[in-house]
Every structure is written in structure tokens, then in C-alpha cells.
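K.L.:
Take a look at the following structure, please.
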Amino acid sequence: MVSVGDIRKWSPAGLEEAYRGLRRQEEILIEAGDGFGTDAKVADWSGRAADAAESNRKSLVDRLEIIVAGVAAARRGVADSADAVTALLAVLAETDGLAQRYYYRISDDGAVVDTAFVTSGATPQPSHERDQVKDELGDRVCEIVRRADDIDRDLADVLRKAAHGQIGTDGATTVAAAAQAGQGHGALSALEPPSNGTVAQNAAWWRSLSSKERWMISEFHPEWIGNLDGIPATARDQANRSRLYQEQNSLGLELRRLQAVLDDPNSKAADYQHALLRAGEIDKKLEALQAIEKTASRPGERQLLLLDVSGENPRAAVASGNVDTAKNVVAFTGGFGSTVTGDIREYDDKMSKLREESDRLSEKYGDGGKTAAITWMGYDAPQSLDVTSDSKAQQGGQQLAKFLDGIDASRQGNEPHVVAVGHSYGSTTTGLALREASGVDDAIFLGSPGIGTHNLADLKVPGGHSFVLENKNDPVADLGRFGGDPTTIEGVRHLSTSEATSADGRRLEESTGHSSVNEYLRPGTTSQYNIAAQVAGLSDKAVAGATVGAGDVIRNPW
Numbered sequence: 001m002v003s004v005g006d007i008r009k010w011s012p013a014g015l016e017e018a019y020r021g022l023r024r025q026e027e028i029l030i031e032a033g034d035g036f037g038t039d040a041k042v043a044d045w046s047g048r049a050a051d052a053a054e055s056n057r058k059s060l061v062d063r064l065e066i067i068v069a070g071v072a073a074a075r076r077g078v079a080d081s082a083d084a085v086t087a088l089l090a091v092l093a094e095t096d097g098l099a100q101r102y103y104y105r106i107s108d109d110g111a112v113v114d115t116a117f118v119t120s121g122a123t124p125q126p127s128h129e130r131d132q133v134k135d136e137l138g139d140r141v142c143e144i145v146r147r148a149d150d151i152d153r154d155l156a157d158v159l160r161k162a163a164h165g166q167i168g169t170d171g172a173t174t175v176a177a178a179a180q181a182g183q184g185h186g187a188l189s190a191l192e193p194p195s196n197g198t199v200a201q202n203a204a205w206w207r208s209l210s211s212k213e214r215w216m217i218s219e220f221h222p223e224w225i226g227n228l229d230g231i232p233a234t235a236r237d238q239a240n241r242s243r244l245y246q247e248q249n250s251l252g253l254e255l256r257r258l259q260a261v262l263d264d265p266n267s268k269a270a271d272y273q274h275a276l277l278r279a280g281e282i283d284k285k286l287e288a289l290q291a292i293e294k295t296a297s298r299p300g301e302r303q304l305l306l307l308d309v310s311g312e313n314p315r316a317a318v319a320s321g322n323v324d325t326a327k328n329v330v331a332f333t334g335g336f337g338s339t340v341t342g343d344i345r346e347y348d349d350k351m352s353k354l355r356e357e358s359d360r361l362s363e364k365y366g367d368g369g370k371t372a373a374i375t376w377m378g379y380d381a382p383q384s385l386d387v388t389s390d391s392k393a394q395q396g397g398q399q400l401a402k403f404l405d406g407i408d409a410s411r412q413g414n415e416p417h418v419v420a421v422g423h424s425y426g427s428t429t430t431g432l433a434l435r436e437a438s439g440v441d442d443a444i445f446l447g448s449p450g451i452g453t454h455n456l457a458d459l460k461v462p463g464g465h466s467f468v469l470e471n472k473n474d475p476v477a478d479l480g481r482f483g484g485d486p487t488t489i490e491g492v493r494h495l496s497t498s499e500a501t502s503a504d505g506r507r508l509e510e511s512t513g514h515s516s517v518n519e520y521l522r523p524g525t526t527s528q529y530n531i532a533a534q535v536a537g538l539s540d541k542a543v544a545g546a547t548v549g550a551g552d553v554i555r556n557p558w
């Protein structure tokens with residue numbers, strides 16, 4: 001196995017020099033071989049000697065084709081390795097830099113060594129923060145070494161085959177064609193992302209790839225990266241748009257086959273029943289995919305960050321704005337009854353308007369930083385009596401935690417201000433996610449039946465950065481079923497949903513009832529304004545205040 005110390009000694013310059021030498025040899029062989037292949041024939045010479053000479057000539061050309069194929073393969077392998085090593089060393093340098101900032105050191109054997117107590121004048125960050133970074137460093141090193149092993153193994157395999165004349169010529173009839181064939185056999189294999197990798201490992205894997213490798217994976221293996229947390233949003237969007245059309249085509253073909261069974265009067269009853277049920281499932285999935293396509297194709301920049309039709313209920317996430325460049329990123333999670341088919345377009349519309357309001361406030365009172373607003377529908381929101389259990393929130397919280405941490409991981413060194421917003425059952429899902437996700441700067445709970453805990457310290461959100469909004473006449477907000485009513489949890493800050501005046505003198509309307517799109521996120525309300533202010537990092541411009549519901553009065557009559 002390659003060690004970190006070995007990687008530090010690797011030199012792209014040495015590989016590039018070897019590439020140039022191999023290219024010269026390949027050119028010489030092609031020129032000589034093609035000349036020998038045509039000029040060696042002697043006109044008007046026939047007989048046994050001529051036949052023997054021609055046989056020897058063909059044998060030599062065949063041998064030369066094998067040699068040039070090997071040289072071309074070695075040249076391609078060395079070139080690809082030089083690109084790969086350049087990317088790998090850049091990731092290692094990033095990792096060393098992160099370690100140094102938190103008073104750690106990556107040793108040559110890959111261990112993460114604490115240097116805080118031997119560094120003069122060191123002022124380490126809080127222990128819990130350093131512990132998280134230490135885990136991340138370990139994950140990165142693991143992926144860096146895995147990638148290095150893959151490069152080393154691939155190049156060694158190409159060189160071994162070239163040395164033993166085992167590079168195929170693919171039936172080439174000229175030396176030049178043999179060289180072209182050999183070049184194809186010299187490419188490094190595509191390294192798959194880590195199996196069940198952490199977001200840090202996923203991010204390290206992606207950054208360790210050369211630009212050519214990233215392009216090839218995006219083109220030929222979009223399923224690897226479309227839903228992979230820790231990968232840049234632009235890459236995920238490109239992959240998922242490709243996958244969207246693939247899924248539509250695949251499901252469409254299956255539906256046509258099923259329709260043939262349904263149209264056949266001779267179909268067996270069991271086959272007919274199966275086709276009928278399956279066709280209904282496909283119709284629902286195609287309807288959801290159409291809703292996703294329409295949402296992702298709306299005017300303005302959209303990024304399709306999640307696409308999953310493997311289950312009964314399709315899942316998706318769409319961003320309004322550019323998650324890779326935005327200073328502020330907000331992710332909204334809906335609750336009970338929400339589906340991709342029925343809600344993604346309206347959610348996206350409200351999130352787009354929230355982004356516009358956040359940008360307006362940032363331009364007027366802040367630094368002008370732009371916002372990207374994500375509609376995250378990456379879990380199976382309850383649709384009926386299952387809303388009485390937090391099991392789906394538990395499952396969704398695990399997925400949401402990785403998604404949120406993946407935003408930071410994908411932008412190493414340029415982390416955005418990340419805000420998680422959850423409504424209704426989605427606030428429970430968000431609260432549970434924040435027990436695991438460490439990259440969220442602010443949490444906002446809307447009409448919440450509980451955030452999965454009675455103790456705010458259980459959430460990995462900075463102190464003073466958790467907010468709750470409760471509308472008048474919102475019965476769900478007083479249930480306190482899943483960890484207690486957040487309006488009663490110590491440390492949660494209250495933002496107003498009543499009629500108010502904004503920082504710039506605009507009249508803001510009151511929001512009432514439990515609806516997210518029609519009330520909490522409705523443009524022109526105090527609620528939407530307050531959420532936008534927090535997303536823009538402008539807490540001082542928000543309107544504080546608590547709305548007391550009937551449930552609050554019953555629990556706290558005095």
C-alpha cells in the first residue's frame with residue numbers, strides 16, 4: 001500500500017518528462033514502421049525468396065505494431081498519471097493546510113497528530129470543533145491513500161503489459177493504427193466513489209480526480225455523482241439532468257411493454273394484473289419526473305441536486321441559485337403530506353422568492369452576498385397516520401444531515417453560511433438532522449410539532465442561532481409531540497409572525513394557520529421577511545416576538 005510519505009515524494013514533473021520521451025519514441029516508431037511497411041516491397045520480385053522476404057517483412061511489421069502499441073499505451077498511462085498525481089497532491093496540500101489551521105499534522109504513515117500542546121503560542125479552537133476536524137482529516141487521508149493506490153496499481157498494470165507485449169492492437173493493419181489502439185488501452189481506469197463514504201471522503205475523492213476524469217465520470221457514470229453528498233452542485237446538476245432523461249426514457253419503454261400486455265386479449269390474468277399494477281406505479285413516477293423537469297427548467301438558475309426514483313415515492317432537491325458560489329445557502333424541508341409531484345414546483349416558487357428577498361436585504365444592509373435556496377424533498381414525508389410516529393423523520397434526518405454537511409464539504413476553503421429551515425413534520429426531520437450535521441450555521445423551525453429534543457445543546461448549531469416562528473391559529477405548532485414545543489426550549493430565539501414594519505419601513509402582513517407556502521413563506525409577511533433576514537445573516541434586521549397559541553397557554557397558564 002502507498003503511504004502518505006510516498007505520495008509526498010511523487011512528482012508530476014518526472015512523469016511529464018517520461019511522457020515526452022515516450023512520445024518521441026512513438027513518433028520514431030510510427031515513421032520507421034510505416035516506411036518499412038510500404039517501401040520494403042521490391043517491384044517485379046517473385047519466387048520463393050521473395051515470398052520468404054515478404055513473410056519476414058510482415059512478421060517484423062506485426063512485431064513493430066505490438067511494440068508501438070505498448071509504447072503508446074505507456075505514454076497514455078504516464079500522461080493520465082501525471083494529471084492524476086497533480087490533482088492528488090493538491091488535495092493532500094489542502095488537507096495539510098486544514099490540519100495546520102487546527103493544530104494537527106498528517107504524518108507520513110497517515111496518522112493525524114495533535115500539535116496543539118507543542119506549538120508555541122497555539123490557541124486551539126473548541127475541543128468539539130477540533131474533534132470534528134480530526135475525524136474529517138482521517139476520512140480525507142483514507143481517501144487520498146485509496147486514490148494513490150489506484151493510480152499506482154493502474155500505471156503499474158499498463159507498464160507491465162507494455163513490457164511483455166500484451167497491449168492489443170485491435171486488428172490494426174498499420175503501425176499508426178496500432179499506436180492509436182495502444183493509446184486507448186493505456187487509459188487509467190475510473191475510480192468509483194468510496195462505498196458508503198462520508199461527505200469528507202466523497203469530497204476528497206472528487207477533488208483527487210483530474211479534470212479529464214471528472215468529465216468522463218459525468219458523461220459515462222452520472223449515477224455515481226448525482227446524489228453524492230460532498231460533490232459540487234454544478235456536477236450533481238449536470239449528472240442528474242442526464243439521469244432525469246435516462247429515467248424518463250427507461251420508464252417510458254417499460255410502460256409501452258406493459259401496455260402491450262394490457263392490450264393483448266390473450267394475456268393471462270396474473271400477467272394482466274401485474275402489468276396493471278406496475279403501469280400505475282410507473283405513471284406516478286413519470287408524473288413526478290415531469291414535475292421535477294418543469295421545476296428544474298424554470299427561468300433563472302436552477303440546480304437539480306437530488307434525483308431518486310428507486311422507491312415508491314420519488315425524491316428530489318432543486319436549488320434556486322448557484323450553491324457552488326452563493327455566500328448564503330438555505331435548505332427547506334417540508335412536512336406532512338408533501339410530495340414531489342404535488343409540491344415541488346410551489347415550494348421552489350416560494351424558495352425563489354425567499355432568495356430574492358434575502359438578496360435584496362443583503363444588498364441594502366449587508367455585503368451584497370448572494371443566496372441559493374434549496375427545496376429538499378429527499379425523504380418520504382408521512383402521508384397518513386404514519387405522521388404520529390417520528391420514524392420517517394429519523395430516516396429523513398440521516399439523509400438531510402449528510403446533504404447539509406455535503407454543502408460545506410463541496411466548497412472546502414470557501415464554506416457558505418448554511419441555514420436549515422423545516423416546516424411542520426419537516427422541522428422534526430430538520431431537528432433530528434442537526435443532531436448529526438455540523439455544517440449548519442442557523443436553524444429555523446416553522447410551525448413545529450417538536451424538533452426531536454428538549455435540550456438545544458443536542459443540536460450542532462452555534463448558540464443563539466436557532467429560531468422558531470409560530471403563526472396565530474397554528475394547531476400543529478403547539479403539539480410538542482416530538483421532543484417538545486420549541487417555543488418552550490431554552491435558548492431558542494423567537495421571531496415574529498404578526499403584522500410589523502420592516503427595517504426599511506415596509507408594512508409586513510401577519511401570517512396565520514399552519515400552511516408553509518400560503519402563510520409562513522408567503523412574500524410580504526413578517527414571517528418570510530424574518531426568514532430572509534436570517535438567511536442573509538442580518539439578525540439585527542429581523543423582527544423579534546413570540547406568538548402564543550392555545551397550547552402554550554394550557555401548558556403555561558401563568
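Using full-length UniProt numbering, the first residue of the sequence shown is number 1, and each one after it goes up by one. Where a beta carbon is used, it is the ideal one built from N, C-alpha and C, also for glycine.
Please report how far the alpha carbon of H514 lies from the alpha carbon of T487, in whole angstroms.
P.N.:
Taking the straight line from one Cα to the other gives about 15 Å.
K.L.:
Can the beta-carbon of I151 be found less than 8 Å from the beta-carbon of S410?
P.N.:
No, these two residues do not count as a Cβ contact at 8 Å.
K.L.:
In the DSSP assignment, find the unbroken alpha helix (DSSP H) run with H128 in it and report its ends.
P.N.:
Note, H128: alpha helix (DSSP H), 127–163.
K.L.:
Do Q412 and G148 come within 8 Å of each other at the CB atom, strictly closer than that value?
P.N.:
The question names Gly, yet the displayed sequence has Ala at residue 148. For A148 and Q412, no; Cβs fall outside 8 Å.
K.L.:
Could you give the first and the last residue of the continuous alpha helix (DSSP H) run that contains V261?
P.N.:
Note, V261: alpha helix (DSSP H), 233–263.
K.L.:
By Cβ distance below 7 Å, which residues in the same chain neighbour E192 in space, the five residues on each side in sequence not counted?
P.N.:
Result list for E192: W224, in chain order.
K.L.:
R435 by DSSP, collapsed to three states: which one?
P.N.:
Three-state result, R435: coil.
K.L.:
Does the Cβ of P462 have 16 or more other Cβ atoms within 10 Å, making it buried, or fewer, making it exposed?
P.N.:
Exposed is the call here.
K.L.:
So S466 and G491 are supposed to be a Cβ contact under 8 Å. How far apart are they, rounded?
P.N.:
Sure, about 7 Å apart at Cβ, within 8 Å.
K.L.:
Looking at the secondary structure, which residues open and close the beta strand (DSSP E) in which Y379 lies?
P.N.:
Looking at the DSSP string, Y379 is not in any beta strand (DSSP E), and its letter there is neither H nor E.
K.L.:
Which term fits F482, buried or exposed, when burial requires 16 or more other beta carbons within 10 angstroms of its beta carbon?
P.N.:
Result: buried.
K.L.:
Pick helix, strand or coil for T169, following the three-state DSSP scheme.
P.N.:
Reduced to three states, the DSSP call for T169 is coil.
K.L.:
Do three or more CB pairs link the segment 399–409 to the segment 435–454 at distances below 8 Å?
P.N.:
With a cut-off of 8 Å, the segment 435–454 and the segment 399–409 count as touching, because enough Cβ pairs lie within range.
K.L.:
I need the straight-line Cα distance from R140 to L434, nearest angstrom please.
P.N.:
When rounded, the distance between both Cα atoms is 22 Å.
K.L.:
With distances taken from CA atoms, which of A500, D359, G335 is nearest G447?
P.N.:
That would be G335, whose Cα lies nearest to the Cα of G447.
K.L.:
Tell me which residue opens and which closes the beta strand (DSSP E) that Y347 is part of.
P.N.:
Where Y347 is concerned, there is no enclosing beta strand (DSSP E), although the alpha helix (DSSP H) it sits in stretches over 340–365.
K.L.:
Look up H423 in the DSSP assignment and give the residues it is bridged to.
P.N.:
The partner list for H423 (beta bridge, DSSP) reads L446.
K.L.:
Assuming V68 contacts A162 under a Cβ cut-off of 8 Å, what Cβ separation, rounded to an integer in Å, is found between them?
P.N.:
Actually they do not touch by this definition, with Cβ atoms about 10 Å apart.
K.L.:
How many angstroms separate the CA atom of Q528 from the CA atom of L521?
P.N.:
Each residue's Cα considered, the two are about 5 Å apart.
K.L.:
Evaluate R20 with the Cβ neighbour count: other Cβ atoms within 10 Å of its Cβ, from every protein chain shown; 16 or more gives buried, anything less gives exposed.
P.N.:
R20 comes out exposed.
K.L.:
Would you kindly check if the distance between the Cβ of A279 and the Cβ of P314 is under 8 Å?
P.N.:
No, Cβ-Cβ distance for P314 and A279 is not below 8 Å.
K.L.:
Which residue wins for smallest C-alpha separation from L286, given the options Q132, R256, L262?
P.N.:
If we check each option's Cα against that of L286, R256 comes out closest.
K.L.:
Less than 7 Å between C-beta atoms, sequence neighbours within five positions excluded: which residues of the same chain meet that for V261?
P.N.:
Around V261: S267, D271, Y272, A275.
K.L.:
To the nearest angstrom, how far is the alpha carbon of D308 from that of Y245?
P.N.:
Between D308 and Y245, the C-alpha separation is close to 13 Å.
K.L.:
From G397, E415, N414, pick the residue whose C-alpha is nearest to that of V421; which is it?
P.N.:
Among G397, E415, N414, the Cα nearest to that of V421 is on G397.
K.L.:
Can you list, in chain order, the residues of its chain with a C-beta nearer than 6 Å to that of L188? Leave out the 5 residues immediately preceding and following it.
P.N.:
D80, D154.
K.L.:
In terms of residues, what are the limits of the alpha helix (DSSP H) holding R105?
P.N.:
Element bounds for R105: not the alpha helix (DSSP H) but the beta strand (DSSP E), 104–106.
K.L.:
Do you know how far the Cα of R345 is from the Cα of V323?
P.N.:
Taking the straight line from one Cα to the other gives about 19 Å.
K.L.:
Do L469 and P449 have their CB atoms nearer than 8 Å?
P.N.:
For L469 and P449, no; Cβs fall outside 8 Å.
K.L.:
Are there 16 or more other CB atoms within 10 angstroms of the CB of V92, so buried, or fewer, so exposed?
P.N.:
It is Leu, not Val, that sits at residue 92 in the sequence shown. Looking at its Cβ environment, which holds 16 or more other Cβ atoms inside 10 Å, L92 is buried.
K.L.:
Assign F117 to one of two classes, buried (16 or more other C-beta atoms within 10 Å of its C-beta) or exposed (fewer than that).
P.N.:
Exposed is the call here.
K.L.:
Rounded to the nearest angstrom, what separates D96 and A457 at their Cα positions?
P.N.:
The straight-line gap from Cα to Cα measures roughly 31 Å.
K.L.:
How many whole angstroms separate the CB atoms of M377 and V330, which I take to be in contact at a CB cut-off of 8 Å?
P.N.:
About 15 Å; that fails the 8 Å criterion.
K.L.:
Would you kindly work out how many angstroms separate the C-alpha atoms of I66 and G77, rounded to a whole number?
P.N.:
Cα to Cα, I66 sits roughly 16 Å from G77.
K.L.:
Cutting at 7 Å between CB atoms, please list the residues of its own chain near Q383, excluding the five before and the five after it.
P.N.:
Closer than 7 Å at the Cβ level, and outside the excluded window around Q383, lie G337.
K.L.:
For a quick check, are the C-beta atoms of G369 and N328 less than 8 Å apart?
P.N.:
Contact flag set, yes.
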